[in-house]
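Chains as they are written, first to last, in my numbering: chain A, 7 to 424; chain B, 7 to 424.
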């Protein structure tokens, strides 16, 4: 049994499979007889000394955790500045780590979290404390560099493509006398990965979704409306998938356009579909329906991808191994060696090369007109949504998700005030 | 082999299981060696003589039809007036029926469609043509009288309860530093059946969804906001499920309120969640996310209820049997004989008692404060979402849905102009 405690925390927007990573971390650590604490609400729990004793959870609970969406220990949106600028906070972190003999810290999140993990990984040197910090990838945005995909993305992508295919069958049936255009708003502020994945729902340009709108291309309303009209004339109806982050050539978010469709000026995006629906109806006269799945797209564990679920667990297991091997400032990433059959392995990559970088979609993934994806994009995306991850349903007809006991660890330090 | 042709048509908003009814109709008719034509886009296809020869579909396609959402032959929103007021249309219908030897007409839809079916059923008497017309129930609104439930509702209800449970896990994880309130907009103009079904996602008043807003109770903003604040203070976060049709005590739809959240004055409802989100944020200052699943909730065959799927097939099979037995002006309805275990059977009920009636939710289904459902409601709703209906997935990770050939029958009559 290794000396010391492993601390695991979840950060940023949660996903359908981040708890699968958590379950793998706990499982691997248990197999190696290493004690695992979890921080409540990410790095905030570490600062506040709000720690959870995962040893109080049964093996059955940890198995169920692997198929439970959300973030079982709570997540946070909280950024640490540099070690110099936030020295008091880092000092507090170290106090908490020392008080609980934390030698290994695993931070499970996306871009911002990789940055936090990288900063924490510098503590060993800055403060002379033997800490091993590992970033663990997760984000439905799929925008971490160095990794073939980000755990969470494949399941959200499978949800998106499936939902679009299903809704398209509905629209096709209604189009003669009712709805002719359907607009689906996908998450994706800076990169259109999820909207692109919707393209997997169809094969030919006449299959739904006939129009994708991604932030990688500027939004030109006239071109969009002309395309909608053309598709309705040819196919009889049209399904559009738009990323929340699409913007005009001069950089204005379409979600903010006019202020009419989204009148309350919230800073979170959302409102693209309602705006586009408004314009289609106004300019073309077609009856339009639209959907904003919002959190449903990232919490739909009932529709998780097996590939994604496997990878979520693999990165968790590898993170524990890397930590116990004494690595620091790395992230287990997914490396693809073959498209079909999809072959991948886990390797460590330096956090310094991941933090503060953003993976954009390659230009070669988008068709020349911007309204669809290329074969190259399909080769990349297709394996990520493959397979169905097992999920037990209860006698009540609902998925059986677990609620952990989340027993708090007794505090040893004075309260922390930000 | 019975003499004559059976004509089947789909009408109104489609569902995740209306094609299961279609598959059962075709399967039962094939077993009895009866020819089945389908009208393209409901009664419109009958008027236009746009008929589809279902005998051209393979047995495998019909089996796959049973698990394909949408409406495979096209649906319509089209109302016929009384036989006297629309005499020319009824005469045309009879011409088409005669030209194709249609002796049995099965109309698969909701309230409006039951009305159409009832009117068509009167043709035999009015025009002296031996027609047997059977209404076949379908609607996610669950508002047909005489039947325990409406095929389509159970699956939409299962989707709603599951999605709310999943999203609630997401919100719970984010609440400390981000989203504290999540609002889910469910279909339901006049009756809140789907929003009520969301109540199955939780057991105690602190479980999500903590607040239901149904059209059966007037919306009082102050009471709603006070309840949201109370839940957030106690639980830390709050999930609200609102029917699209909620209205104030003086009858104004909340979706229309202010015109700000839904600024483009469309006549279709939708916009309740964005409006409520706006008010919660403005008055309480909480970060809010909201979802409008729209068509996703009625096309999500990947999450269909086994009970619902079984019933959808049972009414299709019974409809063929009733027709061939010479019944007219009836609908096969579901009769419940026991809650737990759920036992039901199919019986014929007169269309005259179904058309133009609307099943409201009993007052006893809503808690005194109106924000939740009672045990009685649970006893009614619980069996309807039970069980998972089998669904094959392809190697591409998406459900395998069928596209029928829909081979048209050669027209025998002059074109019809409305």
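Quick reminder that beta carbons are idealized off the backbone N, C-alpha and C, glycines included.
Cβ-Cβ distance between residue i and residue j below 8 Å
i	j	result
residue 183 (chain A)	residue 82 (chain B)	yes
residue 427 (chain A)	residue 84 (chain A)	Because chain A spans 7 through 424 in this model, residue 427 (chain A) falls outside it and cannot be assessed.
residue 113 (chain A)	residue 105 (chain A)	no
residue 98 (chain B)	residue 11 (chain B)	no
residue 21 (chain B)	residue 144 (chain B)	yes
residue 201 (chain A)	residue 218 (chain A)	yes
residue 68 (chain B)	residue 415 (chain B)	no
residue 366 (chain A)	residue 197 (chain A)	yes
residue 224 (chain B)	residue 171 (chain B)	no
residue 189 (chain A)	residue 255 (chain A)	no
residue 319 (chain B)	residue 72 (chain B)	yes
residue 211 (chain B)	residue 251 (chain B)	no
Backbone CA spacing between residue i and residue j [nearest angstrom]
i	j	result
residue 167 (chain A)	residue 130 (chain B)	47 Å
residue 292 (chain A)	residue 230 (chain A)	14 Å
residue 234 (chain B)	residue 39 (chain B)	59 Å
residue 349 (chain A)	residue 343 (chain A)	5 Å
residue 295 (chain A)	residue 300 (chain B)	7 Å
residue 244 (chain B)	residue 187 (chain B)	5 Å
residue 206 (chain B)	residue 307 (chain B)	19 Å
residue 387 (chain B)	residue 346 (chain B)	11 Å
residue 268 (chain B)	residue 419 (chain A)	At residue 268 (chain B) the pLDDT is 39, less than 50, meaning the model places this residue with poor confidence and gives no usable figure here.
residue 274 (chain B)	residue 396 (chain A)	Summary for residue 274 (chain B): the model assigns pLDDT 42, below 50, so the residue's position carries little reliability, and this model does not support an answer.
residue 422 (chain A)	residue 52 (chain A)	10 Å
residue 194 (chain A)	residue 354 (chain B)	51 Å
residue 357 (chain A)	residue 79 (chain A)	23 Å
residue 297 (chain B)	residue 191 (chain B)	6 Å
residue 70 (chain B)	residue 393 (chain A)	20 Å
residue 315 (chain B)	residue 147 (chain B)	16 Å
residue 409 (chain B)	residue 25 (chain B)	11 Å
residue 333 (chain A)	residue 16 (chain A)	20 Å
residue 240 (chain B)	residue 377 (chain B)	16 Å
residue 50 (chain A)	residue 132 (chain A)	21 Å
residue 403 (chain B)	residue 385 (chain A)	14 Å
residue 364 (chain B)	residue 152 (chain B)	10 Å
residue 119 (chain B)	residue 150 (chain B)	11 Å
residue 405 (chain A)	residue 317 (chain A)	21 Å
residue 287 (chain A)	residue 253 (chain A)	20 Å
residue 208 (chain A)	residue 373 (chain B)	45 Å
residue 412 (chain B)	residue 65 (chain B)	14 Å
residue 117 (chain A)	residue 236 (chain A)	39 Å
residue 264 (chain A)	residue 181 (chain B)	The predicted model places residue 264 (chain A) with a pLDDT of 43, which falls under 50 and marks its position as unreliable, so this point remains unresolved.
Option nearest residue i by Cα separation, candidates the options
i	options	result
residue 125 (chain A)	A:394, A:410, A:362, A:402	A:362
residue 157 (chain B)	B:357, B:28, B:294, B:329	B:28
residue 391 (chain A)	A:160, A:261, A:254, A:208	A:160
residue 285 (chain A)	A:228, A:331, A:316, A:247	A:228
residue 232 (chain A)	A:222, A:246, A:95	A:246
residue 352 (chain B)	B:336, B:321, B:262	B:321
residue 36 (chain A)	A:412, A:330, A:413	A:330
residue 18 (chain A)	A:115, A:86, A:371	A:115
residue 173 (chain B)	B:137, B:136, B:199, B:216	B:216
Proximal residues to residue i (C-beta, below 6 Å), its chain only, five neighbours per side dropped
i	result
residue 325 (chain B)	112, 140, 142, 338
residue 272 (chain B)	Residue confidence for residue 272 (chain B) is low, a pLDDT of 36 falling below 50, so the modelled location carries little weight; the figure read from the coordinates is stated next. Answer for residue 272 (chain B): no residue qualifies.
residue 44 (chain A)	14, 58, 60, 79
residue 165 (chain B)	303, 306, 309
residue 77 (chain A)	16, 20, 24
residue 102 (chain A)	52, 55
Spatial neighbours of residue i in its chain, beta-carbon cut-off 7 Å, leaving aside the 5 residues before and after
i	result
residue 323 (chain B)	30, 34
residue 424 (chain A)	none
residue 282 (chain A)	189, 246, 248
Any non-hydrogen atom of the ligand SAH within 7 Å of residue i CB
i	result
residue 127 (chain B)	The ligand SAH is absent from the structure shown, which contains no ligands of any kind.
Contacts of residue i in chain E (Cβ-Cβ under 8 Å)
i	result
residue 47 (chain A)	Absent here is chain E; the protein component of the structure consists of chains A and B.
- Message: Using a Cβ-Cβ cutoff of 8 Å, what residues of the segment 385-405 of chain B are near chain A? List them in chain order.
- Response: If the cut-off is 8 Å between Cβ atoms, the segment 385-405 of chain B has 388, 391, 392, 393, 394, 399, 401, 402, 403, 404, 405 near chain A.
- What are the residues of the segment 174-187 of chain B that lie near chain A, defined by any Cβ-Cβ distance shorter than 9 Å? 174, 175, 176, 177, 178, 179, 180, 181, 182, 183, 184, 185
- Which of the residues in the segment 229-257 of chain A, read from start to end, lie with their CB under 7 Å from any CB of chain B? none
- the segment 289-311 of chain A: positions lying closer than 7 Å to chain B by Cβ: 295, 296, 297, 298, 299, 300, 301, 302, 304, 305, 306, 307, 308, 309, 311
- Task: Closer than 9 Å, Cβ to Cβ, to anything on chain B: give me those residues from the segment 70-84 of chain A, in chain order.
- Result: 74, 75, 76, 77, 78, 79, 80, 81, 82, 83, 84
- Determine which residues of the segment 157-174 of chain B have a Cβ less than 7 Å from any Cβ of chain A, and write them out in chain order. 164, 167, 168, 169, 171, 172, 173
- Query: Residues in the segment 202-220 of chain B with C-beta within 9 Å of chain A's C-beta atoms, listed in sequence order?
  - Reply: 206, 207
- Got a sec: which bits of the segment 311-328 of chain A sit with their beta carbon under 9 Å from any beta carbon on chain B, in order along the chain? 311, 312, 313
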